[in-house]
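The next block holds one structure in the form of structure tokens; read it before the comments.
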Amino acid sequence: MFESLTGRLEGIFKKLTGRGGLTEQLVGETLEEIRVALLEADVSLDVVKSFTEGLSARLVGQAQKSGLTGAQQVIAEVYQEMVHILGDHRATIALASKPPTIIFMMGLQGSGKTTTAAKLALHFKGQNRRVLLVASDLARLAAIDQLKVLGEQIGVPVLLPPDGTTRPSDLYPLVKRRVIEGMYEVVIVDTAGRLTVDSALMGELKELRRLYSPKECLLVVDAMQGQEAVGVAKTFDAEIGVDGVVFTKLDGDTRGGAVLSIRQVLKKPIKFVGMGEKLDRLEAFFPDRMASRIIGMGDIQTLLEKA
Amino acid sequence: MGFFDKIREGLQKTRDKVARSIESVFNRRDPGFYQELEEILISADVGPVVSKEIVEELKAWEKTNPGATADESLAHLESSLTAIFTPASPWEESSPSKSPMVVLLVGVNGVGKTTTAGKLAARFRDAGNSVILGAADTFRAAAIEQLRKWGERLDIPVVHQKPGADPASVAFDTVRAARARGIDMAIIDTAGRLQNKQNLMNELRKIGAIIHREAPDSPVEVLLVLDATIGQNALSQLDEFVKIAPVSGLVLTKLDGTSRGGVVIALARRHKIPVRFIGVGEKTDDLLPFDPSTFVRSILRTS
Ligand SMILES: Nc1nc2c(ncn2[C@@H]2O[C@H](COP(=O)(O)OP(=O)(O)OP(=O)(O)O)[C@@H](O)[C@H]2O)c(=O)[nH]1
Ligand SMILES: Nc1nc2c(ncn2[C@@H]2O[C@H](COP(=O)(O)OP(=O)(O)OP(=O)(O)O)[C@@H](O)[C@H]2O)c(=O)[nH]1
Ligand SMILES: [Mg+2]
Ligand SMILES: [Mg+2]
Numbered sequence: 001m002f003e004s005l006t007g008r009l010e011g012i013f014k015k016l017t018g019r020g021g022l023t024e025q026l027v028g029e030t031l032e033e034i035r036v037a038l039l040e041a042d043v044s045l046d047v048v049k050s051f052t053e054g055l056s057a058r059l060v061g062q063a064q065k066s067g068l069t070g071a072q073q074v075i076a077e078v079y080q081e082m083v084h085i086l087g088d089h090r091a092t093i094a095l096a097s098k099p100p101t102i103i104f105m106m107g108l109q110g111s112g113k114t115t116t117a118a119k120l121a122l123h124f125k126g127q128n129r130r131v132l133l134v135a136s137d138l139a140r141l142a143a144i145d146q147l148k149v150l151g152e153q154i155g156v157p158v159l160l161p162p163d164g165t166t167r168p169s170d171l172y173p174l175v176k177r178r179v180i181e182g183m184y185e186v187v188i189v190d191t192a193g194r195l196t197v198d199s200a201l202m203g204e205l206k207e208l209r210r211l212y213s214p215k216e217c218l219l220v221v222d223a224m225q226g227q228e229a230v231g232v233a234k235t236f237d238a239e240i241g242v243d244g245v246v247f248t249k250l251d252g253d254t255r256g257g258a259v260l261s262i263r264q265v266l267k268k269p270i271k272f273v274g275m276g277e278k279l280d281r282l283e284a285f286f287p288d289r290m291a292s293r294i295i296g297m298g299d300i301q302t303l304l305e306k307a
Numbered sequence: 308m309g310f311f312d313k314i315r316e317g318l319q320k321t322r323d324k325v326a327r328s329i330e331s332v333f334n335r336r337d338p339g340f341y342q343e344l345e346e347i348l349i350s351a352d353v354g355p356v357v358s359k360e361i362v363e364e365l366k367a368w369e370k371t372n373p374g375a376t377a378d379e380s381l382a383h384l385e386s387s388l389t390a391i392f393t394p395a396s397p398w399e400e401s402s403p404s405k406s407p408m409v410v411l412l413v414g415v416n417g418v419g420k421t422t423t424a425g426k427l428a429a430r431f432r433d434a435g436n437s438v439i440l441g442a443a444d445t446f447r448a449a450a451i452e453q454l455r456k457w458g459e460r461l462d463i464p465v466v467h468q469k470p471g472a473d474p475a476s477v478a479f480d481t482v483r484a485a486r487a488r489g490i491d492m493a494i495i496d497t498a499g500r501l502q503n504k505q506n507l508m509n510e511l512r513k514i515g516a517i518i519h520r521e522a523p524d525s526p527v528e529v530l531l532v533l534d535a536t537i538g539q540n541a542l543s544q545l546d547e548f549v550k551i552a553p554v555s556g557l558v559l560t561k562l563d564g565t566s567r568g569g570v571v572i573a574l575a576r577r578h579k580i581p582v583r584f585i586g587v588g589e590k591t592d593d594l595l596p597f598d599p600s601t602f603v604r605s606i607l608r609t610s
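Protein chains in written order, with my numbering: chain G, 1 to 307; chain B, 308 to 610.
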């Protein structure tokens, strides 16, 4: 995950060690290096700006803290600024006060919707919830079989479209009936991948949203997507509405820019991250844990207590 | 729709972003011309290094050709971008002579390998070759089913085993079947693998070794499938895959979904591996053979 950004930051911190307290010049140089590191990690320009400005406000004029080197002071502040741009607090999926909680999985082709639908189903099953998966991608070949197999693997029922179903909206009455019969608390609807420029498919999704009134529309984003993901997310949000973001494939080696940018640009929280193909590889998103992983320097908590 | 129109339509998002800005900077010719041009190329993901080189080259050329019109300058830019691509012998020439030709599709998760396998099978069948598909992604849920459905749709045989079977053994069966039946082309789909997962990368090596052992005389094409919408991240995927597999060609998918189609240029230049096909949609005929000059022309020119 984000190896090159982590490496860059570590290099910057290392250079600071042994250089004593923070002078204005040293802070200036360090801020510039951090700016470049973030830009190279493909973080959006506005976010880089607000990050370095926030950091500068914290560091400039800050008195030397007793027991901390200049390097430690910088690390602590970078960490806190990073927690901030990642959203400060953990955001979860709040269950509807009146069941069922309906969750939509949406996103571009191949982003990881179907896999994440099954991962989420497993997550809720682990909380002893009654979960139903809905195979509502009628477009991609064998998308239905895929969800069916995944449902079998985790022991979660999957509502399959009857042969000959052509429009996803035709499934809705079946879902409604099945939910009542099975007393399901959580319903996860897998949808077909679509490009935001495809107005017909975006219209179809809008229609589905109107029908189901989902509690959560989750946008599933491939972490490898880089900056373009942010534009895609904005369009999904404007046209359909996004309640939260799931980043997938963080187990790969990506530059990480989209993950660091999306919260500030979209003003919507990251809720989960996918860390592998296996169905238990879904993690709740904690801004503080993510920030310490990215920074990658020893025991940040101890530093913070001193700072 | 003609071939040229189809490419232009598939590249619409990139064209919208690039062609109009190019046209306007060439018409305006501000003092900041070269800078602006460089920025347009960078914003289309051509990459900072290549963009700079190309613009410097144009600057130098314009110095020696002071009377050049805007159109001549643009034509020069076009040809230097086109020259970045490695010329590749067309497949139709290299394919059916020694059968079967074996095509192995590799790449990270979700880029479009299976879809490309199906589209390619259709292309080659329509060009008069006999084709067989091999379902060597035995890992992802219903990956076999997905390829079998392509086979059904196209009426092309699909060699497969059970989920979880050894992928190298499926590749073996596929090549065997192709040889036994005198089939021209064997197209083998593999599981998605992230470039930092060593065990999966080793599996790919094993598949490659089996193919060479079973069909020592066959031309083997290892096509790396890259999702064009991921921009510069595709470069690191390419770097890692060339280390472990003899990648002989690239397929760039989902160009219909990005305004940064310039990444094709950055990728082509990186290791001088030819771009073979581009994917511009999900349908069977949305895979187009790649032609550098048509591509460059389509993203640079509004008309
Ligand atoms: N390594 C890794 N692979 C993942 C992760 N999430 C999904 N994948 C893989 O990514 C590929 C695409 O996942 P899908 O769930 O089929 O994606 P999708 O968005 O449903 O795709 P379409 O329905 O075709 O649009 C599959 O090979 C998954 O196994 C992840 O967190 N890490
Ligand atoms: N818009 C668009 N979608 C494409 C293109 N090529 C493939 N897709 C879609 O991308 C998604 C993933 O395609 P697959 O062929 O399943 O990808 P894969 O690489 O085999 O995925 P895994 O086997 O899970 O690693 C599907 O929804 C395809 O329909 C393309 O050129 N344009
Ligand atoms: Mg899917
Ligand atoms: Mg596949």
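Note that beta-carbon positions come from the ideal geometry of N, C-alpha and C, so glycine has one too.
When rounded, the separation of the alpha-carbon atoms in F236/G and V529/B is 36 Å.
Relative to ligand 1, the nearest heavy atom lies less than 7 Å away from the CB of V220/G.
Burial check for I180/G: the Cβ neighbour count within 10 Å stays below 16, so the residue is exposed. At least 8 Å separates the CB of T321/B from every CB of chain G. The beta-carbon of Q225/G is placed less than 8 Å from the nearest beta-carbon of chain B. In this structure, DSSP gives E283/G an extended state, which the three-state scheme calls strand. In this structure, DSSP gives L22/G a state outside helix and strand, which the three-state scheme calls coil. In this structure the stretch 186–196 of chain G does not lie against the stretch 10–17 of chain G, because fewer than three pairs of beta carbons, one per stretch, are closer than 8 Å. Of all residues in the stretch 557–571 of chain B, only K561, D563, G564, T565 and R567 come within less than 7 Å of chain G when Cβ atoms are compared, listed by chain position. A442/B has D496/B as its beta-bridge partners, per DSSP. If you draw a straight line from the Cα of D323/B to the Cα of V477/B, it comes to about 44 Å. Contacts with chain G at 8 Å (Cβ-Cβ) include I537/B. Under the DSSP assignment, I270/G falls in the beta strand (DSSP E) whose first and last residues are I270 to G274. P373/B is classed as exposed because its beta carbon has fewer than 16 other beta carbons within 10 Å across all chains shown.
Closer than 7 Å at the C-beta level to chain B, one finds these residues of the stretch 141–160 of chain G: L141, A142, D145, Q146, V149 and L150.
For chain B, the residues of the stretch 224–247 of chain G that bring a beta carbon within less than 9 Å of one of its beta carbons are M224, Q225, G226, Q227, E228, A229, G231 and V232, in chain order. For A135/G, the uninterrupted beta strand (DSSP E) segment begins and ends at V131 to A135. Within 7 Å of the C-beta of R447/B there is at least one heavy atom belonging to ligand 4.
Around the beta carbon of Q146/G, 16 or more other beta carbons sit within 10 angstroms, so the residue counts as buried. Apart from the 5 residues on each side of it in sequence, D251/G sits with its Cβ closer than 6 Å to the Cβ of M275 and G276 in its chain, given in chain order.
Residue-level contact check: S199/G does not touch chain B, since none of the beta carbons of chain B fall below 8 Å from its beta carbon. Segment contact: the stretch 417–426 of chain B against the stretch 551–565 of chain B, three or more CB-CB distances shorter than 8 Å; contact assigned. Using a cutoff of 7 Å, the CB of T565/B does not count as near ligand 3, since none of the ligand's heavy atoms is closer than that. Contact check for T445/B against A472/B passes: the beta carbons are separated by less than 8 Å.
Straight-line spacing of the CA atoms in I494/B and V409/B works out to 6 Å. In the displayed model, R322/B falls within a helix according to three-state DSSP. For the C-beta of K456/B, the chain G residues within less than 8 Å are, from N- to C-terminus, L141 and A142. If one requires a minimum length of 4 residues, the alpha helix (DSSP H) runs lying completely within the stretch 37–106 of chain G are 45–59 and 70–85, in chain order. Excluding the 5 residues flanking it on each side, S136/G has same chain C-beta neighbours closer than 7 Å at P168, L171, V189, D190 and T191, in chain order. Looking from the CA of E346/B, the closest CA among E364/B, V325/B and R336/B belongs to V325/B.
When the Cα atoms are used, A118/G and L150/G turn out to be separated by approximately 6 Å. Interface with chain B (8 Å Cβ-Cβ cutoff): D46/G is excluded. In this structure, A450/B has its beta carbon less than 7 Å from a heavy atom of ligand 4. Taking the Cβ of S525/B as the reference point, every heavy atom of ligand 1 lies at 7 Å or farther away.
Residues of the stretch 252–283 of chain G whose Cβ lies closer than 8 Å to any Cβ of chain B, in chain order: G252, D253, T254, R255 and E277. Residues of chain G with a Cβ closer than 9 Å to the Cβ of E589/B are, in chain order, Q109, A139, R140 and G193.
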